[in-house]
Amino acid sequence: MNEIFGGYLPMILKGMVLTVEVALLSLLLALILGILAASARLYGGPISKTIAGVYTTVIRGIPDLVLMMLIFFGGQVLVNKVGDKFGWEYIDIDPFVAGILTIGFIFGAYMGETFRGAIMAVSKGEIEAGHAYGMTGFQVFTHITFPGMIRHAIPGFFNNWLVLVKTTALVSVIGLEDMVFNAKIAGDTLRQPFTFYMIVGALFLLITAVSDLGMKWLERRYKLGGH
Amino acid sequence: MDFSIVLDNLPLLFKGLGLTLQLLIISLVLGFILSIPLAIMAASKLKWARIPAKIFIYVFRGTPLLIQIFIIYYGFSQFEWLRESPLWIIFKEAYWCAIIAFALNTAAYTAEIFRGAFLQTPKGEIEAAVAYGMSRWDQYRHIIFPSAFRRSIPMYGNEVIFMLHATVLAGVITLVDLFGAAKILNSRYYAPFESFISVGLFYLTITFTIVFIFKLLEGHFLKHLKR
């Protein structure tokens, strides 16, 4: 196996680990931002509503790579300017951090919309019933709104995750050594770009297939009494 | 920030805008044409028609567009027979490679939208068509297409915006579209904010225009669903 791919297979797999790391950390950031954005739009005052609204609209209107470049190169300029003022040493913006910030920031907007829809889909009657039983607002949220919301959010969440995984391929453009970047190096060195990009494509399909199993499990877990 | 850089280079940006719109429109048209037979095949009861279409859709939706474009532009050069064939005139050009990748990609997503819409056609309508003695093709032409295309308008609008954002990948393979223009500005003046914010605004404007056009289309074609 190693012979066939000129010993580059481990490098591709190492890149795959980085791809998965970037994807999971971005997902974590996206979940936090998504919950914040959804709560701001549903329960916030006029100011937080506007900020959340602008956030989701602007993010969804600008291509991901433009935002990534803005954060990567712009962040570098910003850090240098601040650094000059305080007399810091030169600081390099890490493509790993820039990639996660951008992807997390983008998918926070999509997650926000998914959660907002899911929270609105929890029936009013159930929430009223909770209050009628004398539950506190917090108890209503943890026992009724949240589990109900999860059930409605799973399909949208899963869809966002699949798009997010594919978006991680863009970090190779800002120089992060993910599996796409490593495939380019291996492909160029061995003059077999087709072979290596096909391998990486297949690995992306593998991630998708594994995620699919994960979603089936989640759906079963939260199906309690549904249809 | 010094936005005079942007003003001085407006011709470059507008040229980039021209290429972005050109790539978008050509690939959408080609992808749309390709998506209809694909969707009919994917919705078919015949295995030999359904399975290849489903595999095509699964692979193109499951892998990053960046990989697809790299396989076509960089990967295909691995094959000597292709480099020596007349087809090489097409595959050596980043422009045509971008269009091929975009068209195949949007064909897969659009086919999935149409497949869903075809299958949602009420059974009664098709039974009525059969009772009238319509052939399968007549059923599609007179019964299924008109209602399925209408139902698809909102989803197709999202796909058009997705494709607009995807065209930035042309800038990754050396073309000077809007994103490519921003990259040039950034490297020439080291001005990430000015370059990427200004093209971001371009993309935002096009996105809003597309949303507006699709709202008009929905108002016209989906009037019967409005309350």
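Line by line, the protein sequences give chains A and B. The number in our numbering is simply the position in the first sequence, starting from 1, with 3 added. The number in our numbering is simply the position in the second sequence, starting from 1, with 96 added. Backbone N, C-alpha and C define an ideal beta-carbon position, used for all residues, glycine too. Every value quoted in this text rests on a predicted model; they were computed, and no experiment measured them.
Considering only residues of the same chain and omitting the five flanking positions on each side of residue i, which have a CB-CB separation below 6 Å?
| i | result |
| --- | --- |
| A:Pro13 | none |
| A:Met4 | Here A:Met4 scores only 49 on pLDDT, less than 50, and its place in the model is too uncertain to base an answer on. |
| B:Ile251 | Note that residue 251 of chain B is Met in the sequence shown here, rather than Ile. Closer than 6 Å at Cβ, skipping near neighbours: Ile209. |
| B:Ala278 | Ser291, Phe292 and Val295 |
| A:Gly133 | Val143 and Ile147 |
| B:Asp98 | none |
| A:Ala172 | Val183 |
| A:His155 | Ala121 and Ala124 |
| A:Ile210 | Val168 |
CB-CB under 7 Å to residue i, same chain, minus the five flanking residues each way: which ones, in chain order?
| i | result |
| --- | --- |
| A:Asn163 | Phe110, Tyr113, Met114 and Thr117 |
| B:Leu271 | Leu115, Ala190, Tyr191 and Ala194 |
| A:Ser51 | Ala43 |
| B:Val256 | Leu124 and Ile306 |
| A:Ile103 | Val25, Leu28, Ser29 and Leu32 |
| B:Leu130 | Ala199 and Ala203 |
| A:Gly151 | Val125 and Glu129 |
Taking 7 Å as the CB-CB cut-off, is residue i touching chain B?
| i | result |
| --- | --- |
| A:Met72 | yes |
| A:Lys169 | yes |
| A:Gly159 | no |
| A:Pro150 | no |
| A:Tyr200 | yes |
| A:Asp211 | The question names Asp, but residue 211 of chain A is Thr in the sequence shown. Answer yes: the Cβ-Cβ gap between A:Thr211 and chain B drops below 7 Å somewhere. |
| A:Pro66 | yes |
| A:Met4 | Unreliable positioning characterises A:Met4 in this predicted model, as indicated by a pLDDT of 49, which lies under 50. The coordinate reading is nonetheless provided below. No, because no Cβ of chain B sits closer than 7 Å to the Cβ of A:Met4. |
| A:Phe207 | yes |
| A:Gly204 | yes |
| A:Ala172 | yes |
| A:Gly77 | yes |
| A:Gln195 | yes |
| A:Val85 | no |
Would DSSP call residue i helix, strand or coil?
| i | result |
| --- | --- |
| B:Asn105 | coil |
| A:Lys17 | helix |
| A:Tyr11 | coil |
| B:Glu221 | helix |
| A:Lys187 | helix |
| B:Ala287 | coil |
| A:Trp91 | coil |
| B:Thr263 | coil |
| A:Lys2 | Past the edges of chain A, shown from 4 to 230, lies residue 2 of chain A, and the structure says nothing about it. |
| A:Met201 | helix |
| A:Met72 | helix |
| B:Ile248 | Contrary to the premise, residue 248 of chain B reads as Ser rather than Ile in this sequence. Looking at B:Ser248 - three-state DSSP - the assignment turns out to be helix. |
| A:Phe160 | helix |
| A:Met4 | Summary for A:Met4: the model assigns pLDDT 49, below 50, so the residue's position carries little reliability, and this model does not support an answer. |
| B:Met137 | helix |
| B:Phe99 | coil |
| A:Gly151 | helix |
| A:Gly128 | helix |
| A:Arg194 | coil |
| B:Asp273 | coil |
| A:Gly56 | helix |
Write down the C-beta distance between residue i and residue j rounded to the nearest angstrom, noting that I regard them as a contact closer than 8 Å.
| i | j | result |
| --- | --- | --- |
| A:Ala33 | A:Val168 | A:Ala33 to A:Val168, Cβ: 12 Å. No contact. |
| A:Phe207 | B:Ile163 | 7 Å |
| A:Leu45 | A:Arg119 | 6 Å |
| B:Gly112 | B:Asp273 | 5 Å |
| B:Leu120 | B:Thr301 | The Cβ separation is near 14 Å, so there is no contact. |
Would you say the beta carbon of residue i is closer than 6 Å to some non-hydrogen atom of the ligand GTP?
| i | result |
| --- | --- |
| A:Val143 | Inclusion of the ligand GTP in the displayed structure is not the case, the ligand content being empty and no account of it being possible. |
Compare the C-beta of residue i with all C-beta atoms of chain A and state if any pair is closer than 7 Å.
| i | result |
| --- | --- |
| B:Phe152 | no |
| B:His261 | yes |
| B:Thr303 | yes |
| B:Leu162 | yes |
| B:Ile168 | no |
| B:Thr159 | yes |
| B:Gly114 | no |
| B:Gly171 | yes |
| B:Val102 | no |
| B:Val125 | no |
| B:Val226 | no |
| B:Val272 | no |
Could you name the residues of the same chain whose beta carbon sits closer than 8 Å to that of residue i, not counting the 5 residues immediately before and after it, in chain order?
| i | result |
| --- | --- |
| A:Gln79 | Asp95 and Ile96 |
| A:Ile130 | Val143, Ile147 and Thr148 |
| B:Leu215 | Ala139 |
Would you mind telling me which residues of chain C sit closer than 7 Å to residue i, beta carbon to beta carbon, in chain order?
| i | result |
| --- | --- |
| A:Leu30 | Absent from the structure: chain C. Protein chains present are A and B. |
Check your understanding: At a Cβ cut of 9 Å, what residues of the region 114-136 of chain A count as close to chain B, listed as they run along the chain?
Key -> For chain B, none of the residues of the region 114-136 of chain A brings a beta carbon within less than 9 Å of one of its beta carbons.
Check your understanding: When you check each C-beta in the region 242-266 of chain B against every C-beta of chain A, which residues fall closer than 7 Å?
Key -> Residues His261 and Val264.
Check your understanding: Closer than 8 Å, Cβ to any Cβ of chain A: which residues of the region 193-204 of chain B, in chain order?
Key -> Those residues of the region 193-204 of chain B that come within reach of chain A (Cβ to Cβ, closer than 8 Å) do not exist; the list is empty.
Point to revise | Members of the region 276-305 of chain B near chain A, C-beta cut-off 9 Å | key: Residues of the region 276-305 of chain B whose Cβ lies closer than 9 Å to any Cβ of chain A, in chain order: Ala278, Lys279, Asn282, Tyr286, Ala287, Pro288, Phe289, Ser291, Phe292, Ile293, Val295, Gly296, Leu297, Tyr299, Leu300, Thr301, Ile302, Thr303 and Phe304.
Practice item. Residues of the region 173-187 of chain B with a CB closer than 9 Å to any CB of chain A: list them in chain order, please. Key: Those would be Ser173, Gln174 and Phe175, in chain order.
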